[in-house]
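A.B. asks:
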Amino acid sequence: MPASRSVAALTGIAVLGLALTACEDQANGQIVAHNGARHVQTISNPVTEGCYRFREGVTRVDNFTTSSLLMYTTPDCTVPPGGESIYLDGPSSDQVVRSTGLWRSFSVAPD
């Protein structure tokens, strides 16, 4: 019996390790986008690779993930000439500055 319990415990640890490893490629939590007081979109557990486009331009983003984000005024996560991306630490919130325009996309910042 003790041998089978040890095997069961090791199997459980291995499964837990695989589950935790599988979660590493995503930002756990939610990103909530607003335009003024109006809710625009909620994105849950985004993967860390790629660009996410908002349904429409947003003025405020609440980052309830454990990851940092890069915010863009372009729909394809590129920086326009003379522009810049905005770094939004997680968890935190930020509002767009009127002179920069609305945010249209974001990506998860590299660690």
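Per the numbering used here, the sequence shown runs over residues 16 to 126.
Even glycine gets a Cβ: it sits at the ideal position worked out from N, Cα and C.
With burial defined as no fewer than 16 other Cβ atoms inside 10 Å of the residue's Cβ, what is the status of Thr36: buried or exposed?
C.D. replies: With a pLDDT of 48 at Thr36, under the threshold of 50, the predicted position of this residue should be treated as unreliable, though the coordinate-derived value follows. That one is exposed.
A.B. asks: Using beta-carbon positions only, say whether Gly44 and Thr74 come within less than 8 Å of one another.
C.D. replies: Cβ atoms of Gly44 and Thr74: not closer than 8 Å.
A.B. asks: Determine, using beta carbons only, whether Ser59 and Ala124 come nearer to each other than 8 Å.
C.D. replies: Not closer than 8 Å, so no.
A.B. asks: Where Ser107 and Tyr67 are concerned, what is the direct C-alpha to C-alpha distance, given to the nearest angstrom?
C.D. replies: Cα to Cα, the separation comes out at about 18 Å.
A.B. asks: If you drop the 5 nearest sequence neighbours on each side, which residues of the same chain put their C-beta closer than 7 Å to that of Phe69?
C.D. replies: Cβ neighbours of Phe69 beyond the five flanking positions: Ala48, Val55, Gln56, Trp118, Arg119, Ser120.
A.B. asks: Skipping 5 residues on each side, what residues in its chain have a beta carbon closer than 6 Å to that of Arg105?
C.D. replies: Reading off the sequence, residue 105 comes out as Gly, not Arg. Excluding residues within five positions, the ones whose Cβ falls inside 6 Å are Asn78, Thr80, Thr81, Ser82, Ser83.
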